[in-house]
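>
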Amino acid sequence: MTPTLSAVLVISAALFCIGLLAALSRRHAIFILIGIEMMLAAAALNFVAFWRFSPEPQQPTGVMVAIFAIAIAAAEAAVGLALVIAVYRHYRTTNVDKFDRGEGS
Amino acid sequence: MNTAAFIAIAVLTLSGALAAATLPRLIHAALFLVVAFVGIAAFYFLLGAEFVGLAQIFVYVGAVAVLIVFTILLTRREEEQTGGLNWGGAVVAVAVFIGLLWAILRTPAVNIAAGPIDALTVRRIGEVLMTDYVWPLQCVGVLLTAALLGALLLVMEEKRP
Chain R
-8 MTPTLSAVLV ISAALFCIGL LAALSRRHAI FILIGIEMML AAAALNFVAF
42 WRFSPEPQQP TGVMVAIFAI AIAAAEAAVG LALVIAVYRH YRTTNVDKFD
92 RGEGS
Chain S
397 MNTAAFIAIA VLTLSGALAA ATLPRLIHAA LFLVVAFVGI AAFYFLLGAE
447 FVGLAQIFVY VGAVAVLIVF TILLTRREEE QTGGLNWGGA VVAVAVFIGL
497 LWAILRTPAV NIAAGPIDAL TVRRIGEVLM TDYVWPLQCV GVLLTAALLG
547 ALLLVMEEKR P
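Going down the list, the sequences are from chains R and S.
Take -8 as the starting number for the first sequence in my numbering and just add one per residue.
Take 397 as the starting number for the second sequence in my numbering and just add one per residue.
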């Protein structure tokens, strides 16, 4: 018995929900970014899984989408972490509950 | 696909991800995030997309994880114990997972095994990137340049007159 497509999809859904858990329930800005990265990786895993199990895997569409998703996730991580550093300079904290003043001091 | 390898990689990935999401210390979470990303790369290898797996290791483990660790070290001040999960978020995540699981298990079309496959060579990926996907490739190049400049602008010290 080999793994079916639904097994891969269940793994990917679990990974997505763990990312969602990190993004929703943590107070630290970097944890939220980690959760978003996990959710993006789960989505890319789904694309590759659907490519692998498709009737015609000669056309590498899912693989291409995954490659572009990885590139975009890298850009998102760079800008997100730069934002964390910039916000940390103003507020001297990375707890998102304390980002409550409108203007930077 | 090998079932034993599949189960081993699934356990590795999900436990790494769960540790990354729930550990109170940020630096431990970043290291377990690396474990989870290596597990995802192993999934790519198992699924026959070797190039994506390599790109995943280069980009996530090589760049993103190092960037996260640098940011943690740059912003570490009070070593804040923000531990303790917010239970509302946990409830939402579990509810979403149950909904997705219900949808996946109810769909008979996804309950299929993988057919045989020709190896997807890097040559083929290069050909497709340079023909069918040349515009998306250029757009990603512009996006990465913009992200590089934007990140630099954000972290530059502002000069107050």
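Think of the CB as a built atom: it goes at the ideal place given N, C-alpha and C, for glycine as much as any other residue.
(1) Within 10 Å of its beta-carbon, does Met552 of chain S have 16 or more other beta-carbons around it, so buried, or fewer, so exposed?
(2) If Ile405 of chain S and Val54 of chain R are in contact, beta carbons under 8 Å, what's the gap, nearest whole angstrom?
(3) Mapping DSSP to helix, strand and coil, what is Ala14 of chain R?
(4) With respect to the alpha helix (DSSP H) encompassing Met552 of chain S, which residues constitute its N-terminal and C-terminal limits?
(5) Which first and last residues belong to the alpha helix (DSSP H) in which Phe44 of chain R is found?
(6) What separation, rounded to the nearest whole angstrom, lies between the Cα atoms of Ser96 of chain R and His81 of chain R?
(7) Relative to chain R, which residues along the stretch 425 to 450 of chain S have a C-beta separation below 8 Å, given in chain order?
(8) Per the DSSP calculation, His97 of chain R is bridged to which residue(s)?
(9) Less than 8 Å between the CB atoms is what I'm expecting for Ala461 of chain S and Val492 of chain S, so what's the real figure, rounded?
(10) Does DSSP classify Thr527 of chain S as helix, strand or coil?
(11) On the three-pair Cβ rule with 8 Å, is the stretch 34 to 51 of chain R touching the stretch 71 to 78 of chain R?
(12) Check whether the Cβ of Ala34 of chain R lies closer than 8 Å to any Cβ atom in chain S.
(13) Taking the CB atoms as reference points, tell me whether Ile436 of chain S and Pro48 of chain R lie closer together than 8 Å.
(14) Which residues of the stretch 75 to 86 of chain R have a Cβ closer than 8 Å to any Cβ of chain S? Give them in chain order.
(15) Can you list, in chain order, the residues of its chain whose CB lies under 6 Å from that of Leu422 of chain S, leaving out five sequence neighbours each side?
(16) Phe90 of chain R touches chain S at which residues, Cβ-Cβ below 7 Å?
(17) With a CB to CB cut of under 7 Å and the five nearest residues on each side skipped, what residues in its chain are close to Phe(-4) of chain R?
(18) With a cut-off of 8 Å, does the C-beta of Met29 of chain R fall near any C-beta of chain S?
(19) Determine the extent of the alpha helix (DSSP H) in which Phe493 of chain S is found, giving its start and end residues.
(20) By DSSP's criteria, His19 of chain R is part of a beta bridge. Which residues make up the other side?
(21) Could you spell out the range, first to last residue, of the alpha helix (DSSP H) harbouring Gly449 of chain S?
Once the coordinates are examined:
(1) Burial call: exposed.
(2) Their Cβ separation, rounded to whole angstroms, is 19 Å, which puts Ile405 of chain S and Val54 of chain R out of contact at 8 Å.
(3) Helix, per DSSP.
(4) No alpha helix (DSSP H) contains Met552 of chain S, which DSSP labels as neither H nor E.
(5) For Phe44 of chain R, no alpha helix (DSSP H) run applies, since DSSP gives it neither H nor E.
(6) The predicted model places Ser96 of chain R with a pLDDT of 46, which falls under 50 and marks its position as unreliable; any figure quoted below should be read in that light. Cα-Cα distance, rounded: 6 Å.
(7) Of all residues in the stretch 425 to 450 of chain S, only Ala425, Ala426, Leu429, Ala432, Phe433, Ile436, Phe439, Tyr440, Leu443, Gly444, Ala445, Phe447, Val448 place a beta-carbon less than 8 Å from a beta-carbon of chain R.
(8) Coverage of chain R is limited to positions -8 through 96, which leaves residue 97 of chain R absent and any answer about it impossible.
(9) With a Cβ gap of about 26 Å, Ala461 of chain S and Val492 of chain S do not count as contacting.
(10) In the structure shown, Thr527 of chain S sits in coil (DSSP, three-state: anything other than H, G, I, E or B).
(11) Too few Cβ pairs lie closer than 8 Å, so no.
(12) So no, Ala34 of chain R is outside the interface.
(13) Against a cut-off of 8 Å, the Cβ pair of Pro48 of chain R and Ile436 of chain S comes out as no contact.
(14) Residues Val75, Ile76, Ala77, Tyr79, Arg83, Thr84, Thr85, Asn86.
(15) Ile468.
(16) Those within 7 Å of Phe90 of chain R in chain S number zero; the least Cβ separation is about 13 Å.
(17) For the record, residue -4 of chain R in the displayed sequence is Leu; it is not Phe. Excluding positions up to five away in sequence, the list reads Ala40, Phe44.
(18) Taking Cβ atoms only, chain S reaches closer than 8 Å to Met29 of chain R, which makes this a yes.
(19) That run of the alpha helix (DSSP H) goes 483 to 502.
(20) In DSSP, His19 of chain R forms a bridge with R:Asn86.
(21) First-last of the alpha helix (DSSP H) with Gly449 of chain S: 446 to 452.
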